[in-house]
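**Student:**
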Amino acid sequence: MKPKVFAAFVGPSIFMMLLFIAFPLVSVFWNSFTVTQPIYETVEVESCTAGFLEQTCTTEMETRPVLNEAGEITRQTEFVGFQTYRNVLEMGRFWEAVQDRSWTALQNIDFWKALRFTLMFTLVTLPLVLGFGLAIALVINNASQRIKGPVIFLSLLPFIITPVIGALSINWLFRGDGILTALLEWWLEQDLALFAQAWTIELMMMFYRVWHVAPFAAIVFYAGLQTVNQDSLESALIDGANRWQRLRLIIIPHLAPLLIFVAMIHLMDTYRVFEEVVGFRAEGYVISLQWLTYDFLTPDQAGNRSISRASASAMLTMIGIAILLVPLLKRTWRDHKGSH
Amino acid sequence: MSTAKALRQPASLRIMSGTFLALWCLIAAFPIAWITVMSFKSPVDAFDANPLNVIFGPATRADGSGWSILEIVLGLAVIWVTARMTVRRVPPLVASYSPGGFVALGWVVAAVLVALGFVLVFFGVLPLVTDLLGPLVGPLGRDIIGATTEHYQTVWIERGFIDNFKNSLIVTTGVVTISLTVGTLAGYGLARSGSTLAFWILIIALIFRSLPHSVLVAGYLPVFINSAEWLVPLLGENAPTLYGKPAAVIAVLVAINQPFTIWMLRSFFANIPADLDEAARVDGCSHFKAFRLVIMPVMWPGVITTGLFSFLLAYNDFLVTSLLLDASNQTMVPAIAGMFNRETTTTDQVVAVAAAVSITAPLFLLVMVFQRQIVSGLTAGAVKG
């Protein structure tokens, strides 16, 4: 294919990605080092009230935004270096908490709280998703041909559902005296308030995420199970391997590339955890890194959005993404070289 | 299949596997099924701690709204007949009536007609019939399950969910058409090029795919809000503020979706033998003509699968739409979040449940119709990396 033809085919797509992905990235990077705010001036204002014989006058210093000719507030963009990052990370409070060896103090700082939850959420759900995904794939593979279709249909539902709605639907099962809370209370014979502390909310979020992603893992693994070499299974059998050994020594190594693929996708997606916080209305107890950025971007009561802080927290979030990406890119590079 | 005797599973293992499968199916379907049941009940029943009360809804029935055996049987019959007709009769009708080359359009028309007919019969004709027959059949006509559709009426009519639905429709249609048009061309180009440049484009797309969406929105927001100012030199006095415009959101979602789209379509095109378009080229076609005449007729399975995933992205999105659209043209998913923020009474909660079920229903139909394509899309990504 000639470069010109190639450009014509790929051009529109590249243009969209440059304009709406690459450009915002640059803009976020720039915004994280600058602060845009109205310029204020302090003026002496004399206010007088009518009185007997003479007016009573008071002079006050008043701070007000500078207006331009059109009567709009003048804004000024200032380069502040790493100041916004320091504001987001709250390094002062962070070091204090570290010196006091106080975990609670550390968990009162938004960024560190969000980081703690995001990492824990990612690492706890990963083995669960892989494990349940594999188990579901094995039992689907084991089921009779007739029920496979309906079972896959049911399994797809949690995966396809809108994340916010999925989280909400689990939320409704537990909220107040929801049906599952009632069941748990009856089983444990004690009163439960599942939305009153962070750790129960976190458990429910993890349950939701595993419920949501395990079908994806299961279907990918199920497809992989169809290509397991029957001959090596049979020879393992002749060598006296039992069921568990066959699974561990033949089937799992065969699925290894798929396990890595699902793990990578899952790591990237859970690191961006966000919808759970909205769906479980957990912002008072549990927040995630992406939710932090979202929160900075939503207008506060005065209608202001903290763009610089959002940019700084977005840049900090991306450090984690970069770390996650390195092994994936390495693998793609190896494949590319291998194919030539 | 004649498996060796040694490979056959002992009964205990088979039972365990079957139990686990049944348990998984229950867990997978339960939350969705349960909120669907809840959405038809009065608040007292919907949040009752006793599951039987939630299912049979005594309080709802006491309020005078419920379904009798007659209504349930007739309702199920209408649903069953519709499903059967759609599967059996509609495909040949579409094939015979749609003019050549417009089969896709024929399907859209057919889908709309079936939906309209169903709504007409189910909500228009059926209540009349049951009202007439009810007194005649005695006990069969008495309500046995308490159920009410008032929450759906509240959501769709009073709360204006229909506007949100229209906005969702606009955004998803826009995203799917544009991202498929742009992505198909790019995917084909990338699959046939094999140059180092193509490889690097794919790598950069992979990096873009992993970016959190909030990062990108943080980049758009200041630009979009002030767009009236900086677009003046280009567009003159009528320069629009991009913030709050569905068109801007469509552009953003198309771009966010682009990395995934080109990866997926590239792997589909790579499976179409290159000999096919090379033969056309030898016959004197240009690349574009070869694409149009030879590739387009065989690419539809891949394009439909990719389109499904584009649809899901646009339909399910919360973050981008909630930040970039203002209240007047909100899509469904952020609208429901706004709904439960003011949710103070239990009635409001059930209304929110009804809204959630309304959002899920189209997805349910989608899986029913396109199960095979969704599965193939999920596995295609895995096999190709």
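Protein chains in written order, with numbering that gives the first Met the number 0: chain A, 0 to 339; chain B, 0 to 384. We put the CB at the ideal spot given by N, CA and C, even for glycine. Note that the structure is predicted; figures quoted are calculated from it, not measured.
Kindly say whether H150(B), judged by its beta-carbon, lies nearer than 8 Å to any beta-carbon of chain A.
**Tutor:** No, because no Cβ of chain A sits closer than 8 Å to the Cβ of H150(B).
**Student:** Quick one: any contact between the region 170-186 of chain B and the region 309-326 of chain B, if contact means 3 or more CB pairs under 8 Å?
**Tutor:** They touch, by the three-pair rule.
**Student:** If you follow the alpha helix (DSSP H) that V118(B) is part of, which residue opens it and which one closes it?
**Tutor:** First-last of the alpha helix (DSSP H) with V118(B): V102 to V118.
**Student:** Would A96(A) be called buried (16 or more neighbouring beta carbons within 10 Å of its own) or exposed?
**Tutor:** Buried is the call here.
**Student:** Report the rounded CA-to-CA distance for L122(A) versus G116(B), giving the unit in angstroms.
**Tutor:** Rounded to the nearest angstrom, the two C-alpha atoms are 50 Å apart.
**Student:** Less than 8 Å separating the beta-carbons of L307(B) and I160(A)?
**Tutor:** No, they are not a contact pair.
**Student:** Measuring only between beta-carbons, confirm whether T304(A) sits less than 8 Å from chain B.
**Tutor:** Checking the displayed sequence, the identity of residue 304(A) turns out to be Arg instead of Thr. It does: the Cβ of R304(A) has a partner Cβ on chain B nearer than 8 Å.
**Student:** Counting only Cβ-Cβ distances shorter than 8 Å, please list the residues of the region 292-318 of chain B near chain A, keeping chain order.
**Tutor:** Going along the region 292-318 of chain B in chain order, one finds L311, Y314, N315, F317 and L318 with a Cβ nearer than 8 Å to chain A.
**Student:** Taking 8 Å as the threshold (beta carbon to beta carbon), is I322(A) in contact with chain B?
**Tutor:** False, the Cβ-Cβ gap to chain B never drops below 8 Å.
**Student:** I'd like to know whether the C-beta of H335(A) is nearer than 8 Å to at least one C-beta of chain B.
**Tutor:** H335(A) counts as touching chain B.
**Student:** Does any residue of chain A have a CB that is nearer than 8 Å to the CB of M37(B)?
**Tutor:** Output row for M37(B): interface = yes.
**Student:** Mind listing which residues of the region 254-286 of chain A have their C-beta closer than 7 Å to chain B's C-betas, in chain order?
**Tutor:** The residues in question are L257, F260, M267, R271, F273, E274 and V277.
**Student:** What did DSSP end up calling Q189(A) once you bin it into helix, strand or coil?
**Tutor:** Three-state DSSP puts Q189(A) in coil, outside helix and strand.
**Student:** Is the CB of Q300(A) under 8 Å away from at least one CB in chain B?
**Tutor:** No, its Cβ sits nowhere closer than 8 Å to a Cβ of chain B.
**Student:** Out of curiosity, what's the CA-to-CA distance linking S143(A) and A190(B)?
**Tutor:** Going from the Cα of S143(A) to the Cα of A190(B) covers about 38 Å.
**Student:** Keeping to the same chain, check which residues put their C-beta closer than 6 Å to that of G17(B); ignore five residues upstream and five downstream.
**Tutor:** Contacts found: none.
**Student:** List, in chain order, every chain B residue whose beta-carbon is nearer than 7 Å to that of G175(A).
**Tutor:** The answer, in chain order, is F46.
**Student:** C24(B) by DSSP, collapsed to three states: which one?
**Tutor:** Residue state, collapsed to three classes: helix.
**Student:** Whose C-alpha, out of H286(B), L365(B), L104(B) and Q370(B), is nearest the C-alpha of V9(A)?
**Tutor:** Closest option to V9(A), Cα to Cα, is H286(B).
**Student:** Quick check: the Cα distance between K383(B) and K329(A), rounded to an integer number of angstroms?
**Tutor:** Residue confidence for K383(B) is low, a pLDDT of 44 falling below 50, so the modelled location carries little weight and cannot support an answer.
**Student:** Can you check which of these residues, Y242(B), R141(B), L12(B) and P221(B), is closest to T35(A) by C-alpha distance?
**Tutor:** Selected option, being the one with the closest Cα: P221(B).
**Student:** Under the rule that 16 or more other beta-carbon atoms within 10 Å means buried, what is L17(A), buried or exposed?
**Tutor:** Per the 10 Å Cβ criterion, exposed.
**Student:** Give the secondary structure of E45(A) by DSSP, where H, G and I count as helix, E and B as strand, and everything else as coil.
**Tutor:** Reduced to three states, the DSSP call for E45(A) is strand.
**Student:** Do we get a CB-CB distance below 8 Å when we pair G384(B) with the residues of chain A?
**Tutor:** Note that G384(B) has pLDDT 39, beneath the 50 cutoff, so the model's placement of it is unreliable and the number below is only indicative. True, the Cβ-Cβ gap to chain A drops below 8 Å.
**Student:** Give the single residue among A313(A), F260(A), A235(A) and V4(A) whose Cα lies nearest to the Cα of L291(A).
**Tutor:** It is A313(A) whose Cα lies nearest to the Cα of L291(A).
**Student:** Which residues bound the beta strand (DSSP E) around I151(A)?
**Tutor:** From DSSP, I151(A) is part of no beta strand (DSSP E) but of the alpha helix (DSSP H) over Q144 to I159.
**Student:** Could you pull out every residue in the same chain whose Cβ sits closer than 6 Å to the Cβ of F215(A), ignoring the five residues on either side in sequence?
**Tutor:** Correct list, in chain order: F158.
**Student:** Have a look at L52(A), M60(A) and E40(A) and flag the residue whose alpha-carbon is nearest the alpha-carbon of S46(A).
**Tutor:** If we check each option's Cα against that of S46(A), M60(A) comes out closest.
**Student:** Between the beta-carbon of A379(B) and the beta-carbon of M263(B), is there less than 8 Å?
**Tutor:** Yes.
**Student:** Please state whether the Cβ-Cβ distance between I286(A) and A113(A) is less than 8 Å.
**Tutor:** Yes, Cβ-Cβ distance for I286(A) and A113(A) is below 8 Å.
**Student:** Can you give me, in chain order, the residues of the region 61-94 of chain A that have a beta carbon less than 8 Å from any beta carbon in chain B?
**Tutor:** Answer set for the region 61-94 of chain A: empty.
**Student:** Give me whichever residues DSSP pairs with F78(A) in a beta bridge.
**Tutor:** Its beta-bridge partners are T33(A).
**Student:** Quick one: what's got a C-beta closer than 6 Å to V43(B)'s C-beta in the same chain, skipping five residues either side?
**Tutor:** Same-chain partners within the cutoff: A58.
**Student:** Hey, quick one: how far does the beta strand (DSSP E) through T153(B) stretch, first residue to last?
**Tutor:** T153(B) -> no beta strand (DSSP E), and no H or E assigned at all.
**Student:** Taking a cut of 8 Å between CB atoms, which residues from the region 324-341 of chain B lie near chain A?
**Tutor:** Going along the region 324-341 of chain B in chain order, one finds V332, I335, A336 and F339 with a Cβ nearer than 8 Å to chain A.
**Student:** Take L201(B) and list the residues in its own chain whose beta-carbon comes closer than 8 Å to its own, dropping the five residues that flank it on each side.
**Tutor:** Within the same chain, L201(B) has close Cβ partners L189, I261, W262 and R265.
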